[in-house]
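Residue numbers (this note's numbering): 96 to 200.
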């Protein structure tokens with residue numbers, strides 16, 4: 096349950112990062128609201144998961160998921176150019192995240 100919550104929280108990190116970009120300096124209401132809700136959910140989930148998981152692992156997994164999801168979204172929507180090197184490096188991050196999960200069990 097804690098790992099699932101940590102994954103959800105990492106995805107919410109990506110949502111708030113994307114919404115922050117779309118809010119254009121908090122000048123658009125809907126993305127600003129999405130940013131605030133996702134930020135709270137992300138932090139609450141990280142805090143709850145860190146009660147039973149090591150904080151170093153929790154934080155690394157949380158940020159890693161957020162980085163990968165945000166980068167993939169940006170490449171998929173054309174906001175950021177995609178390249179083979181970027182995809183391979185993101186896959187490397189996914190491998191590291193999975194490795195942390197394995198060694199933390």
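The C-beta atom is built at its ideal place from N, Cα and C for all residues, glycine as well.
For residue 108, the first and last residue of its enclosing alpha helix (DSSP H) = Residue numbering aside, residue 108 sits at position 13 when the chain shown is read from its first letter. That run of the alpha helix (DSSP H) goes 97-117.
Could you check if residue 110 is buried or exposed, using at least 16 other CB atoms within 10 Å of its CB as the buried criterion?
-> Indexing the chain shown from 1 puts residue 110 at position 15. Classification of residue 110: buried, given that the 10 Å Cβ count is 16 or more.
Which of helix, strand or coil DSSP assigns to residue 190 | Locating residue 190 in the chain shown gives position 95, counting from the first residue. Shown here, residue 190 sits in a helix according to DSSP, grouped into three states.
Is it true that the CB of residue 103 sits closer than 7 Å to the CB of residue 140?
-> Position 45 of the chain shown, counted from the first residue, corresponds to residue 140. Position 8 of the chain shown, counted from the first residue, corresponds to residue 103. Cβ atoms of residue 140 and residue 103: closer than 7 Å.
For the segment 118-135 and the segment 153-162, state whether three or more C-beta atom pairs, one from each stretch, are separated by less than 8 Å.
-> No, the segment 118-135 is not in contact with the segment 153-162.
Contact set for residue 97: own chain, Cβ-Cβ below 7 Å, skip 5 residues either direction | Taking the first residue of the chain shown as 1, we reach residue 97 at position 2. Cβ neighbours of residue 97 beyond the five flanking positions: 144, 147, 148.
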